[in-house]
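Enquirer:
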Amino acid sequence: MFDVFKIAGRNLSRYRRRTVLTLLLIIIGMVAVLLFMSVTGSFKDMMVGQITDSVLGHLEVHRKGYVASIDNLPLNLNLKPQAVAKIEEALKQIDAVQTYSPRVKFGGMFSNFVETTSIRINGVDPERETATVPLLPGRIVEGRKDGPLVAKGEIVIPVLLARGMKVKVGDTAVVVATNRDGSVNGKTFVIRGVTEGISGPGGRDGYIHIDDARELLRMKEAEVSEIAIRLKNPALLDKTEARLQQALEGQVNGKPMLEVHTWADLSPFANLARMIDMMTVFIKVVLVSIVLVSVMNVMVMAVYERIREIGTIAAIGTPPGRILSLFLSEGLLLGVIGTALGTLVSLGVIYALNIWKVHFAFGQQQDLVLAPQIGVVQVATIAAMVVGVAVLASLQPAWKASRLDPSEALRHV
Amino acid sequence: MSLVKAQGLSKTYRAGDVEVQAVKNADFVIEPASFVAFVGPSGSGKSTLLNMIGCLDHPTSGTLTVLDTDISTLDRRASAHFRGRNIGFIFQDFNLVPVLTAYENIEYPLIMVQQWPLEKRREQVTRLLKAVGMEAQADKRPDQLSGGQKQRVAVARALVSNAKLVLADEPTANLDRDTAYRIIALMKKMRDEFGTTFVFSTHDPKIMSEAETTFTLEDGRVVSTTDKREATHV
Numbered sequence: 363m364f365d366v367f368k369i370a371g372r373n374l375s376r377y378r379r380r381t382v383l384t385l386l387l388i389i390i391g392m393v394a395v396l397l398f399m400s401v402t403g404s405f406k407d408m409m410v411g412q413i414t415d416s417v418l419g420h421l422e423v424h425r426k427g428y429v430a431s432i433d434n435l436p437l438n439l440n441l442k443p444q445a446v447a448k449i450e451e452a453l454k455q456i457d458a459v460q461t462y463s464p465r466v467k468f469g470g471m472f473s474n475f476v477e478t479t480s481i482r483i484n485g486v487d488p489e490r491e492t493a494t495v496p497l498l499p500g501r502i503v504e505g506r507k508d509g510p511l512v513a514k515g516e517i518v519i520p521v522l523l524a525r526g527m528k529v530k531v532g533d534t535a536v537v538v539a540t541n542r543d544g545s546v547n548g549k550t551f552v553i554r555g556v557t558e559g560i561s562g563p564g565g566r567d568g569y570i571h572i573d574d575a576r577e578l579l580r581m582k583e584a585e586v587s588e589i590a591i592r593l594k595n596p597a598l599l600d601k602t603e604a605r606l607q608q609a610l611e612g613q614v615n616g617k618p619m620l621e622v623h624t625w626a627d628l629s630p631f632a633n634l635a636r637m638i639d640m641m642t643v644f645i646k647v648v649l650v651s652i653v654l655v656s657v658m659n660v661m662v663m664a665v666y667e668r669i670r671e672i673g674t675i676a677a678i679g680t681p682p683g684r685i686l687s688l689f690l691s692e693g694l695l696l697g698v699i700g701t702a703l704g705t706l707v708s709l710g711v712i713y714a715l716n717i718w719k720v721h722f723a724f725g726q727q728q729d730l731v732l733a734p735q736i737g738v739v740q741v742a743t744i745a746a747m748v749v750g751v752a753v754l755a756s757l758q759p760a761w762k763a764s765r766l767d768p769s770e771a772l773r774h775v
Numbered sequence: 141m142s143l144v145k146a147q148g149l150s151k152t153y154r155a156g157d158v159e160v161q162a163v164k165n166a167d168f169v170i171e172p173a174s175f176v177a178f179v180g181p182s183g184s185g186k187s188t189l190l191n192m193i194g195c196l197d198h199p200t201s202g203t204l205t206v207l208d209t210d211i212s213t214l215d216r217r218a219s220a221h222f223r224g225r226n227i228g229f230i231f232q233d234f235n236l237v238p239v240l241t242a243y244e245n246i247e248y249p250l251i252m253v254q255q256w257p258l259e260k261r262r263e264q265v266t267r268l269l270k271a272v273g274m275e276a277q278a279d280k281r282p283d284q285l286s287g288g289q290k291q292r293v294a295v296a297r298a299l300v301s302n303a304k305l306v307l308a309d310e311p312t313a314n315l316d317r318d319t320a321y322r323i324i325a326l327m328k329k330m331r332d333e334f335g336t337t338f339v340f341s342t343h344d345p346k347i348m349s350e351a352e353t354t355f356t357l358e359d360g361r362v363v364s365t366t367d368k369r370e371a372t373h374v
């Protein structure tokens, strides 16, 4: 078989310009696909990482109906202490759960004593919140990043609100909120920090201590709006969701009492992520088409131009199967060489982009750094696809070559 | 015992709407280790006859036995196998593989057809290169060789698989007279050295006189046989 490959390689080198052009097409196609996958994949991973690690967590548990009205942050759909205890018990039974954080969420008015504006607030246990969304302290652009996220009597506000209300770290502000009974209450806070806003739900929320939230809302018992959950391995998201859903199955009037949502259910970025995945599929289809057409073109031409030669090798007794394998080897070599070079160039470009550090903005987030990365499995999949398609594209011309009648082929001018 | 035996051999093929009878009721016998020429003008059926003897084409009627095998019973794969084992070909245009050296062209049937091991291949190719006087040009590609040198390589390629029969269709047509004679002399020498039967076609009267047995064709019929060795005419 090595000898067949040797002859196939020589045949490719015989039409150097055509072979080089075909290889260039394969290389460009591979670079385009691998670069697109690495850039969009890294962007997606970065955005998903930010959403899960600084806002939502991987999973959230709510009372049934809460998410449907989440824009209003309804206090009457909070989880009661018994439900919270049931959820905590279930979470302790699941190994995949790393940690979780209960939150009290509500909408209120933020006043600097001169102006007033609306604000969405998360009442959190600072230590548990930081453990569940570890990138949250990193979003603090003004104020202390060390120590607890927020202490009692302190508030962390989003940067747009700080700018709009002209307040800074150390200033005093008042938060006014209406509790579930309709009575209004206010509480003074010292601004501890200012966070950068990020895209998606919760990306522009303020943070106070959970005890302050309960005091402000005059809660008689330790209610919770949601429980955010961090997993040890995000790849186990769907499995853990199903398991938790099963563990929390409890019916009230024939309807489930609790709901489990993944970050993708809650963030509109999931649609963008799905679109990126779909575009990747389209790009792969384009690559397959490029390889298919270019290799097929070369092989059809090779067979047409070498009809007499095929007649000769058939006349001296070369079996049809061996003629087939000779032409398939040429297609295979084109695929393998194109893939190897395409992979090398792609990895080089990806490496260069990582050295260069390309900065970009996304929504409110400025100065994001593009860090494209590609996995071995992704490269291997694309490489296998290109080589497979190259062989497939050679199949018809190779079959035609192997079926040529030697006496007719020898007469071909 | 005959190497090739044809009885009532005919070949008809269609060229568009027209039926062409290229060979008509031909009878002949070719003995082992003989040096045979089919002669006749262009279109007389020489190439068609050689194609049938070489299992590249099937007769329309009559019987053709080559090495005790009725070639009309062979299918495509069996024909290829039979050719690979028993028959060597020399072509008017040399038909060497342009990307291979002289050595590799001779070696080609041993790789693609016979699949001999490397050491045995090396021994055989070197022997043939020496026999046709092409040792010094072993590493040259066809475009670096003269017409005569290319045909020497083609002769070696035809013999490398220890073929019992070598068919040469107008092997000297593209060569100058001196080179043509040298190639015919080489073929004769190879016949003497290896005991291989050589059958060639030509329309050149001087070249045909080199053959020991001559079948003259006219309009697809064998019209006369000349046998310097007193060959049998059926």
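Going down the list, the sequences are from chains A and B. The numbering of the first sequence is the numbering used here, which starts it at 363 and goes up by one. The numbering of the second sequence is the numbering used here, which starts it at 141 and goes up by one. Using N, Cα and C, we set each Cβ at its ideal position, and we do this for glycine too. Remember, it's a predicted structure, so these values are computed and weren't measured experimentally.
Can you list the residues of chain A that B:Arg217 reaches, using a CB-CB cut of under 8 angstroms?
Expert: In the second sequence, the residue the question calls residue 217 of chain B occupies position 77. Within 8 angstroms Cβ-Cβ: Pro681, Pro682.
Enquirer: With a threshold of 8 angstroms between beta-carbons, can B:Phe231 be considered close to chain A, or not?
Expert: Sequence index remark: in the second sequence, residue 231 of chain B carries index 91 (1-based). Yes, B:Phe231 counts as interfacial toward chain A.
Enquirer: Mark B:Thr213 as exposed unless 16 or more other C-beta atoms lie within 10 angstroms of its C-beta, in which case mark it buried.
Expert: Here the question's residue 213 of chain B lines up with position 73 in the second sequence. That one is exposed.
Enquirer: Give the residues of chain A in contact with B:Phe253, contact being defined as C-beta atoms less than 9 angstroms apart.
Expert: In the second sequence, the residue the question calls residue 253 of chain B occupies position 113. It should be pointed out that residue 253 of chain B corresponds to Val in this sequence rather than to Phe. Those are Ile675, Ile678, Gly679, Thr680, Pro681, Arg684, listed as they occur along chain A.
Enquirer: Taking 7 angstroms as the cut-off, is the C-beta of A:Ala535 nearer than that to any heavy atom in the ligand FAD?
Expert: Inclusion of the ligand FAD in the displayed structure is not the case, the ligand content being empty and no account of it being possible.
Enquirer: Give the range of the alpha helix (DSSP H) segment to which A:Asp365 is assigned.
Expert: As a working mapping, residue 365 of chain A is identified with position 3 in the first sequence. Run containing A:Asp365: 364–376, per the alpha helix (DSSP H) assignment.
Enquirer: For B:Asn302, count neighbouring C-beta atoms within 10 Å of its own C-beta (all shown protein chains included) and say buried if the count is 16 or more, exposed if not.
Expert: Looking up residue 302 of chain B in the second sequence gives position 162. Exposed, since its Cβ has fewer than 16 Cβ neighbours within 10 Å.
Enquirer: Taking only the alpha-carbon atoms, compute the straight-line gap between A:Lys719 and B:Val253 and give it to the nearest angstrom.
Expert: Here the question's residue 719 of chain A lines up with position 357 in the first sequence. Here the question's residue 253 of chain B lines up with position 113 in the second sequence. Approximately 57 angstroms between the Cα atoms of the pair.
Enquirer: Is the CB of A:Pro768 under 8 angstroms away from at least one CB in chain B?
Expert: Taking the first sequence and counting its residues from 1, the one referred to as residue 768 of chain A is at position 406. It does: the Cβ of A:Pro768 has a partner Cβ on chain B nearer than 8 angstroms.
Enquirer: Excluding the 5 residues preceding and the 5 following A:Lys426 in the sequence, name in chain order all residues of the same chain whose CB lies nearer than 7 angstroms to its CB.
Expert: The residue given as residue 426 of chain A occupies position 64 in the first sequence. If we look at A:Lys426 and ignore the five residues flanking it on each side, its Cβ neighbours are Lys617, Pro618, Met619, Leu620, Glu621.
Enquirer: Could you work out which residues of chain B lie near A:Asp365, taking near to mean beta carbons separated by less than 7 angstroms?
Expert: As a working mapping, residue 365 of chain A is identified with position 3 in the first sequence. Ordered by position in chain B, the residues that pass the 7 angstroms Cβ test against A:Asp365 are Ile251.
Enquirer: Roughly how many angstroms separate the alpha carbons of A:Ile736 and A:Val650, rounded to a whole number?
Expert: Along the first sequence, read from residue 1 onward, the residue named residue 736 of chain A stands at position 374. Along the first sequence, read from residue 1 onward, the residue named residue 650 of chain A stands at position 288. Using only the alpha carbons, I get a separation of about 19 angstroms.
Enquirer: Return no unless some Cβ of chain B is closer than 8 angstroms to the Cβ of A:Glu667.
Expert: Taking the first residue of the first sequence as 1, we reach residue 667 of chain A at position 305. False, the Cβ-Cβ gap to chain B never drops below 8 angstroms.
Enquirer: Around the C-beta of A:Arg465, are 16 or more other C-beta atoms found within 10 angstroms, so that it is buried, or is it exposed?
Expert: Along the first sequence, one-based indexing puts residue 465 of chain A at 103. Label assigned to A:Arg465: buried.
Enquirer: Shortest alpha-carbon distance to B:Arg317 belongs to which of B:Gly287, B:Val362, B:Val206?
Expert: One-based indexing of the second sequence puts residue 317 of chain B at position 177. Of the candidates B:Gly287, B:Val362, B:Val206, the one whose C-alpha sits nearest the C-alpha of B:Arg317 is B:Gly287.
Enquirer: Spatial neighbours of A:Leu387 within its chain, please: C-beta separation below 6 angstroms, excluding the five flanking residues on both sides.
Expert: Walking along the first sequence from the start, residue 387 of chain A turns up at place 25. The answer, listed in chain order, is Ile652, Ser656.
Enquirer: Could you check whether the Cβ of B:Asn245 sits closer than 8 angstroms to any Cβ belonging to chain A?
Expert: Counting from 1 along the second sequence, the entry for residue 245 of chain B is found at position 105. Taking Cβ atoms only, chain A never reaches closer than 8 angstroms to B:Asn245, which makes this a no.
Enquirer: Can you give me the C-alpha to C-alpha distance between B:Gly335 and A:Ser375, rounded to a whole angstrom?
Expert: Start at 1 with the first residue of the second sequence, and residue 335 of chain B comes out as number 195. Start at 1 with the first residue of the first sequence, and residue 375 of chain A comes out as number 13. Looking at the two C-alpha atoms, the distance is approximately 39 angstroms.
Enquirer: If A:Asn786 sits next to A:Leu437, beta carbons under 8 angstroms apart, how far is it from one beta carbon to the other, in whole angstroms?
Expert: Given a span of 363 to 775 for chain A in the structure shown, any question on residue 786 of chain A remains unanswerable.
Enquirer: So what does A:Gly469 bridge to, in DSSP terms?
Expert: By 1-based counting over the first sequence, the position of residue 469 of chain A is 107. Looking at the DSSP assignment, A:Gly469 forms a beta bridge with A:Arg482.
Enquirer: Name, in chain order, the residues that DSSP records as bridge partners for B:Lys145.
Expert: Your numbering for residue 145 of chain B matches position 5 in the second sequence. Its beta-bridge partners are B:Val169, B:Thr205.
Enquirer: Counting only beta-carbon separations shorter than 8 angstroms, does B:Leu240 have a partner in chain A?
Expert: By one-based count along the second sequence, residue 240 of chain B stands at place 100. So yes, B:Leu240 belongs to the interface.
Enquirer: Does A:Arg506 pass the burial test, meaning 16 or more other C-beta atoms within 10 Å, or should it be called exposed?
Expert: Stepping through the first sequence from its first residue, residue 506 of chain A is reached at position 144. A:Arg506 is exposed by the Cβ-count criterion.
Enquirer: Fully enclosed by the region 569–631 of chain A, which alpha helix (DSSP H) runs are 4 residues long or longer?
Expert: DSSP runs (the alpha helix (DSSP H)) wholly in the region 569–631 of chain A: 572–578, 599–609, 625–628.
Enquirer: Have a look at A:Met658 and A:Pro759 and give me their C-alpha separation to the nearest angstrom.
Expert: Numbered from 1 along the first sequence, position 296 holds the residue referred to as residue 658 of chain A. Numbered from 1 along the first sequence, position 397 holds the residue referred to as residue 759 of chain A. One C-alpha to the other measures close to 7 angstroms.
Enquirer: For B:Val362, count neighbouring C-beta atoms within 10 Å of its own C-beta (all shown protein chains included) and say buried if the count is 16 or more, exposed if not.
Expert: Position 222 of the second sequence, counted from the start, is the residue given in the question as residue 362 of chain B. Buried: at least 16 other Cβ atoms inside 10 Å.
Enquirer: Would A:Asn659 count as contacting chain B if we go by Cβ distances under 8 angstroms?
Expert: Residue mapping note: residue 659 of chain A aligns to position 297 of the first sequence, counting from 1. No - not a single Cβ of chain B is within 8 angstroms of the one on A:Asn659.
Enquirer: Considering Cα atoms alone, identify which of B:Ser184, B:Pro181, B:Phe178, B:Lys145 is closest to B:Asp167.
Expert: Position 27 of the second sequence, counted from the start, is the residue given in the question as residue 167 of chain B. The shortest C-alpha separation from B:Asp167 is found at B:Lys145.
Enquirer: I want to see whether chain A comes within less than 8 angstroms of B:Gly224, judged by CB atoms only; does it?
Expert: Taking the second sequence and counting its residues from 1, the one referred to as residue 224 of chain B is at position 84. Yes, contact with chain A.
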